[in-house]
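To start, the structure under review is shown below, and the notes come after it.
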Amino acid sequence: MAESDGVTEGYAHGSPTNAASDTPIISVRGVVNKFGRQVVHDGVDLDVYAGEVLGIVGGSGSGKSVLLRTMLGLHRPNAGEVLIQGKNITKMSNEELLAIKRRYGVTFQHGALFSSLTVAENIQLPIREYFDASEEVLRSLTELRLRMVGLPVAAAAKLPSQLSGGMVKRAALARALALDPDILFLDEPTAGLDPISAAAFDELICYLHRSLRLTIVMITHDLDTLISTCSRVAVLVDRKIVVDTLSGIMSNPHPWIQEYFHGPRARAAEAAVGAR
Amino acid sequence: MLLESERSGDELIVRLKGAWLIDNLAEIERALAGISGASAPLVVDFRAIEALDLSGAWLLHRWLVSLGERARVEGEPPAHFAFIEEVLHREPKERIAPPEGKLSLHDALAWIGRNSVDWAKQTRDSIGFFGRVTVNALRVLGSIKRLRLPSVTRHIYETGIQAIPIVSLIAFLISVIVAYLGAQQLRQFGAEIFTVDLVAIAVLREMSPLLTAIIVAGRSGSAFAAEIGVMRLNDEIDALQSIGVNYFEVLVLPRLAGLVIALPLLTIIADAMGLAGGALLSSILLDISLDQFLPRMQDALAPTTFWAGIIKTPVFAMLIALVGTYRGLQVRSSSRELGRLTTMAVVQSIFLVIFADAVFAVVFVELDF
Ligand SMILES: Nc1ncnc2c1ncn2[C@@H]1O[C@H](COP(=O)(O)OP(=O)(O)O)[C@@H](O)[C@H]1O
Ligand SMILES: [Mg+2]
Numbered sequence: 003m004a005e006s007d008g009v010t011e012g013y014a015h016g017s018p019t020n021a022a023s024d025t026p027i028i029s030v031r032g033v034v035n036k037f038g039r040q041v042v043h044d045g046v047d048l049d050v051y052a053g054e055v056l057g058i059v060g061g062s063g064s065g066k067s068v069l070l071r072t073m074l075g076l077h078r079p080n081a082g083e084v085l086i087q088g089k090n091i092t093k094m095s096n097e098e099l100l101a102i103k104r105r106y107g108v109t110f111q112h113g114a115l116f117s118s119l120t121v122a123e124n125i126q127l128p129i130r131e132y133f134d135a136s137e138e139v140l141r142s143l144t145e146l147r148l149r150m151v152g153l154p155v156a157a158a159a160k161l162p163s164q165l166s167g168g169m170v171k172r173a174a175l176a177r178a179l180a181l182d183p184d185i186l187f188l189d190e191p192t193a194g195l196d197p198i199s200a201a202a203f204d205e206l207i208c209y210l211h212r213s214l215r216l217t218i219v220m221i222t223h224d225l226d227t228l229i230s231t232c233s234r235v236a237v238l239v240d241r242k243i244v245v246d247t248l249s250g251i252m253s254n255p256h257p258w259i260q261e262y263f264h265g266p267r268a269r270a271a272e273a274a275v276g277a278r
Numbered sequence: 027m028l029l030e031s032e033r034s035g036d037e038l039i040v041r042l043k044g045a046w047l048i049d050n051l052a053e054i055e056r057a058l059a060g061i062s063g064a065s066a067p068l069v070v071d072f073r074a075i076e077a078l079d080l081s082g083a084w085l086l087h088r089w090l091v092s093l094g095e096r097a098r099v100e101g102e103p104p105a106h107f108a109f110i111e112e113v114l115h116r117e118p119k120e121r122i123a124p125p126e127g128k129l130s131l132h133d134a135l136a137w138i139g140r141n142s143v144d145w146a147k148q149t150r151d152s153i154g155f156f157g158r159v160t161v162n163a164l165r166v167l168g169s170i171k172r173l174r175l176p177s178v179t180r181h182i183y184e185t186g187i188q189a190i191p192i193v194s195l196i197a198f199l200i201s202v203i204v205a206y207l208g209a210q211q212l213r214q215f216g217a218e219i220f221t222v223d224l225v226a227i228a229v230l231r232e233m234s235p236l237l238t239a240i241i242v243a244g245r246s247g248s249a250f251a252a253e254i255g256v257m258r259l260n261d262e263i264d265a266l267q268s269i270g271v272n273y274f275e276v277l278v279l280p281r282l283a284g285l286v287i288a289l290p291l292l293t294i295i296a297d298a299m300g301l302a303g304g305a306l307l308s309s310i311l312l313d314i315s316l317d318q319f320l321p322r323m324q325d326a327l328a329p330t331t332f333w334a335g336i337i338k339t340p341v342f343a344m345l346i347a348l349v350g351t352y353r354g355l356q357v358r359s360s361s362r363e364l365g366r367l368t369t370m371a372v373v374q375s376i377f378l379v380i381f382a383d384a385v386f387a388v389v390f391v392e393l394d395f
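This is the structure in structure tokens:
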């Protein structure tokens, strides 16, 4: 597996830094997505910089998941392009794509755990796919992933159908972390978690971001998460996107954004985070 | 190489270096296993590590813990260690147990016991299922409004009309084959004309009902099980129940009714195609023209022959629909189970169809039907 310089650097221990670099690692350019006559995106531009936590918000059905799938190359846009380190993903060779995906960790909105595999097997699947490792090492790595996301070790032997909704989310995150990724894409990771677990989850995200210098792209409806973790926020409104820092977004005059960030719910969240 | 070791006095100095990344899992494992064998106290030096990720740090941490007192750490431990310790201090300390290898007599007994209980439960459930279908069917017959006609029509279309091409083709070909083989044998006695009797009786009584049922079991039995199974996996059936909809009424009965209507009609088409195949082969190979074929066929057939075939088909249809929907409803948790139960639905419905056919054969002989 090729290790780009950036990757090795990112993993070096000792002096983790927080600074986002200048060139975007992923850029979305003029993306248009349509389903039949329904236009979901109409010219969306978005840059993801290394080392940042980018939150994506928007009403239900505004096309957040579709945007994420477009960035991941799972959905081909009707127009526009997705560039990874300056290269169009539709023009990449399979090997290049594989090398890039190897550095990705993704969780899907509904978990998407493999239903016929246990949680442990779900986590081990990507590791087995890429590397040779003894069962002992696999078990040990699985244990770390489980502990990181706060799942009891007893959950390892369970099938996804035997998990609660919140546990599914965490198991999915554990699988996304399996290959020590550089970039995490999370689709509503805290939806369905109780507030305490959600806060722990936010802390985990912060940790991953701070000490491992992970880049995180996160769809979320959770204002606490947004306020406590995200360095920039992208809002999908009216088939377009508005990207800014959190404070920049909050002063945006668009009515939906005003309602979202300044409704009673938002004020409570801010107060809570401020008090922390 | 991920480490080098050097003796100094009675201590072994282990200098870690290079990339301790998940990409090098196998090497990491080998390096750590190699050094653990040494009996001297170890001094571990982290300073030359170039890259370390969480997986590498975790394995290293594990290894150090397993050495316990024997190892001393030189230099600043990696930053990841702090996180790992924090994770380790959260709550329970248990490890993932390796799967148990050996089979004992106890396990064997437990296995037999579990399977017997499963088997008994299955039998009970299938009887229960049959009972519920009957009760619901009776209730629907009581007020025909409750029979979901659009749904029934859809199933007639999918299981019947869409199956016409394949059923016709197979009925035609099989009857050509039977006529051909029959003609070969009968020619030895100069009795080619009896090929007509053979084809007519075999097609109407046995072949077309049985073949059609088997094709439909493969096509629609599997579709029933898969459709309902996926609904189970998505909790759609729970959703139906919570809305207060009787899922027997929406899922099972329309399929049953649709198939009970479609299969006899399909069989009639298969009868026609089979006779056409026989007639075609007779006229080409045996010089029996259609003008001779038809009267001969009339003579050969008793008034009941056609009905002896058709009367079986609603029973076959019920078996296929019941087994398919039953297996679909049994799907509980995983996609693998869906595959297993779909396969089971097809295999069992084909078996039951053939078994029922054998029972019919015996009964018809006894009744002289
Ligand atoms: N595969 C698809 N086919 C048709 N429409 C789709 C498909 N995927 C998404 N959509 C539509 O696109 C819109 C955006 O969906 P999505 O991105 O899932 O919303 P959300 O922002 O809630 O994640 C929705 O209106 C949805 O109906
Ligand atoms: Mg979504």
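Note that the protein sequences, when read in sequence, are chains B and D.
If you're matching positions, the first sequence starts at 3 in my numbering and goes up one per residue.
If you're matching positions, the second sequence starts at 27 in my numbering and goes up one per residue.
The beta carbon of each residue, even a glycine, is placed where N, CA and C say it ideally should be.
Within chain A, partners of residue i - CB distance below 8 Å
i, result
"aspartate 134 of chain B", "Structure shown: chain A not included; protein chains present are B and D."
CA nearest to the CA of residue i, picked from the options
i, options, result
"leucine 355 of chain D", "D:Glu253, D:Val379, D:Ala288", "D:Glu253"
"serine 118 of chain B", "D:Phe381, D:Ser375, D:Ile376, D:Arg362", "D:Arg362"
"glutamate 399 of chain D", "D:Glu30, D:Ala45, D:Ile54, D:Ser65", "Examination of residue 399 of chain D is not possible in this model, given that chain D is present from 27 through 395 alone."
"arginine 73 of chain D", "D:Glu100, D:Leu212, D:Ala136, D:Val389", "D:Glu100"
"isoleucine 91 of chain B", "B:Ala52, B:Ala157, B:Pro191, B:Ile28", "B:Ile28"
"alanine 15 of chain D", "D:Ser169, D:Glu184, D:Gly63", "The question about residue 15 of chain D has no answer, for chain D in this structure spans 27 to 395."
"alanine 178 of chain B", "B:Gln87, B:Ala157, B:Thr144", "B:Thr144"
"valine 256 of chain D", "D:Leu167, D:Arg353, D:Ile219, D:Glu55", "D:Arg353"
"leucine 85 of chain B", "B:Val42, B:Leu115, B:Thr25, B:Gly53", "B:Thr25"
"threonine 293 of chain D", "D:Thr339, D:Ile153, D:Asp144", "D:Thr339"
"valine 155 of chain B", "B:Lys93, B:Leu115, B:Phe263, B:Arg141", "B:Arg141"
Residue i versus residue j - alpha carbon distance
i, j, result
"serine 249 of chain B", "valine 235 of chain B", "9 Å"
"alanine 174 of chain B", "valine 271 of chain D", "33 Å"
"glycine 76 of chain B", "histidine 112 of chain B", "Reading off the sequence, residue 76 of chain B comes out as leucine, not glycine. When rounded, the distance between both Cα atoms is 16 Å."
"asparagine 141 of chain D", "lysine 147 of chain D", "10 Å"
"aspartate 49 of chain B", "isoleucine 243 of chain B", "11 Å"
"valine 9 of chain B", "isoleucine 102 of chain B", "Model confidence at valine 9 of chain B stands at a pLDDT of 36, short of 50, so the residue's coordinates are unreliable and nothing is read from them."
"glycine 1 of chain B", "serine 253 of chain B", "Since the first and last residues shown for chain B are 3 and 278, residue 1 of chain B lies out of range."
"glycine 35 of chain D", "leucine 51 of chain D", "32 Å"
"glutamate 262 of chain D", "alanine 288 of chain D", "27 Å"
"alanine 159 of chain B", "valine 151 of chain B", "16 Å"
"leucine 114 of chain D", "aspartate 71 of chain D", "23 Å"
"alanine 14 of chain B", "phenylalanine 109 of chain D", "The predicted model places alanine 14 of chain B with a pLDDT of 38, which falls under 50 and marks its position as unreliable; any figure quoted below should be read in that light. About 15 Å."
"phenylalanine 187 of chain B", "valine 108 of chain B", "5 Å"
"glutamine 210 of chain D", "aspartate 264 of chain D", "59 Å"
"glutamine 306 of chain D", "glycine 300 of chain D", "According to the sequence displayed, residue 306 of chain D carries leucine and not glutamine. Each residue's Cα considered, the two are about 10 Å apart."
"leucine 165 of chain B", "aspartate 196 of chain B", "15 Å"
"isoleucine 229 of chain B", "threonine 149 of chain D", "57 Å"
"valine 391 of chain D", "valine 385 of chain D", "10 Å"
"glycine 16 of chain B", "alanine 105 of chain D", "Any reading at glycine 16 of chain B must be qualified, since the residue scores a pLDDT of 34, below 50, and its modelled position is unreliable; no value is offered."
"valine 139 of chain B", "leucine 131 of chain D", "31 Å"
"tyrosine 206 of chain D", "glutamate 97 of chain B", "57 Å"
"tryptophan 46 of chain D", "arginine 71 of chain B", "32 Å"
"isoleucine 406 of chain D", "arginine 104 of chain B", "For chain D, the structure presents residues 27 to 395; residue 406 of chain D sits outside this window and is missing."
Whole-number beta carbon distance between residue j and residue i, since they are thought to touch under 8 Å
i, j, result
"serine 346 of chain D", "alanine 239 of chain D", "Serine is not the amino acid found at residue 346 of chain D; the sequence shown has isoleucine there. The Cβ separation is near 7 Å, so the contact holds."
"glycine 5 of chain D", "serine 246 of chain D", "Chain D is shown from 27 up to 395; residue 5 of chain D falls before or after that span and cannot be answered."
"leucine 146 of chain B", "aspartate 184 of chain B", "Their Cβ separation, rounded to whole angstroms, is 18 Å, which puts leucine 146 of chain B and aspartate 184 of chain B out of contact at 8 Å."
"aspartate 2 of chain B", "aspartate 226 of chain B", "There is simply no residue 2 of chain B to check, as chain B begins at 3 and stops at 278 in what is shown."
Limits of the beta strand (DSSP E) - the one that residue i falls within
i, result
"leucine 68 of chain D", "68–78"
"glutamate 100 of chain D", "97–100"
"glutamate 30 of chain D", "29–34"
"phenylalanine 319 of chain D", "Counting along the chain, phenylalanine 319 of chain D falls outside any beta strand (DSSP E), though it belongs to the alpha helix (DSSP H) covering 316–326."
Start-to-end residues for the alpha helix (DSSP H) that takes in residue i
i, result
"serine 234 of chain D", "234–242"
"asparagine 162 of chain D", "131–168"
"phenylalanine 390 of chain D", "361–393"
"serine 2 of chain D", "Residue 2 of chain D is absent from the model: chain D starts at 27 and stops at 395."
"glutamine 40 of chain B", "Premise fails: glutamine 40 of chain B lies in the beta strand (DSSP E), 40–51, not in any alpha helix (DSSP H)."
**Item:** At least three beta-carbon pairs within less than 8 Å, the region 219–239 of chain B to the region 59–75 of chain B
**Value:** yes
Any contact between the region 360–379 of chain D and the region 174–187 of chain D? By contact I mean 3 or more CB pairs, one from each, below 8 Å. Counting Cβ pairs under 8 Å, fewer than three are found: no touch.
Determine, using beta-carbon pairs with one atom in the region 371–384 of chain D and one in the region 312–326 of chain D, whether at least three such pairs fall under 8 Å.
-> no
message = Measuring CB atoms only, is the region 200–213 of chain B touching the region 124–137 of chain B, in the sense that at least three cross pairs come out at less than 8 Å?
response = no
Using 8 Å as the Cβ pair cut-off and three pairs as the minimum, do the region 274–283 of chain D and the region 206–220 of chain D touch?
-> no
Checklist entry - Does the count of Cβ pairs from the region 188–206 of chain B and the region 35–50 of chain B closer than 8 Å reach three? => result no
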